[in-house]
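Everything on this sheet refers to the single structure shown next.
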Amino acid sequence: MKHVLLFSLFCICMLSVKSQLANVENSIMSPDHLSFVDSNNEGTDKRSQPDPGYEKMLAIVFKSQEFCRAELKDFEFNARFRIVSATVYFSGTNFKNVETGFITSSSLKPIRTMMQRCAPGSMVIFDNVKVIGPDELLRSIPGTSYMLH
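Just add 4 to wherever you are in the sequence shown, counting from 1, and you've got this note's numbering.
This is how it looks when you write it as structure tokens:
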């Protein structure tokens, strides 16, 4: 009897997790899905409160980032989403025109030179962000914008 109850409890939990993962794309439609990880890899969030259309971030904080990550806002389970690729646009202060960079993982090394040119007044846009979730499905999630101050 104990095994039947444990199995049914396990099934209920798995169905709950599966339904949460099925709705994951709806959960990450908010601009709070892309965050940065401290260089010591503790995973603290360095963003301030979002404004309509973009988020504000100190330029010095942005320039010190080495990694970014995709995370679900208000998600009950510890589900990891691995960044596969993203297009990053830089404009504003220290950029004559819009400059484009690409990342192919959570590492920001490929765009490091452009990040170092960022100053207060620069706008950084992450677009065409692709992630792989715990279910191994490739998803395209909405990008986010940062106005550096």
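Note that the Cβ used here is the ideal one computed from N, Cα and C, for glycine as well. This one's a predicted model, so the numbers in the text were calculated from it and none came from an experiment.
Secondary structure of residue i, DSSP reduced to three states
i    : result
T117 : helix
F130 : strand
K67  : helix
N137 : Checking the sequence, you will find Gly at residue 137 rather than Asn. Looking at G137 - three-state DSSP - the assignment turns out to be coil, as it is neither helix nor strand.
F99  : coil
A90  : strand
A74  : strand
F85  : strand
C-beta contact flag for residue i and residue j at 7 Å
i    : j    : result
F85  : G137 : yes
G96  : G125 : yes
K67  : M119 : yes
V133 : A90  : yes
C122 : A63  : yes
Residue range of the unbroken beta strand (DSSP E) whose run includes residue i
i    : result
K60  : Y58 to M61
T108 : Run containing T108: none; DSSP gives neither H nor E here.
R143 : L142 to I145
Inter-residue CB distance, residue i and residue j (contact presumed, cutoff 8 Å)
i    : j   : result
V135 : V88 : 6 Å
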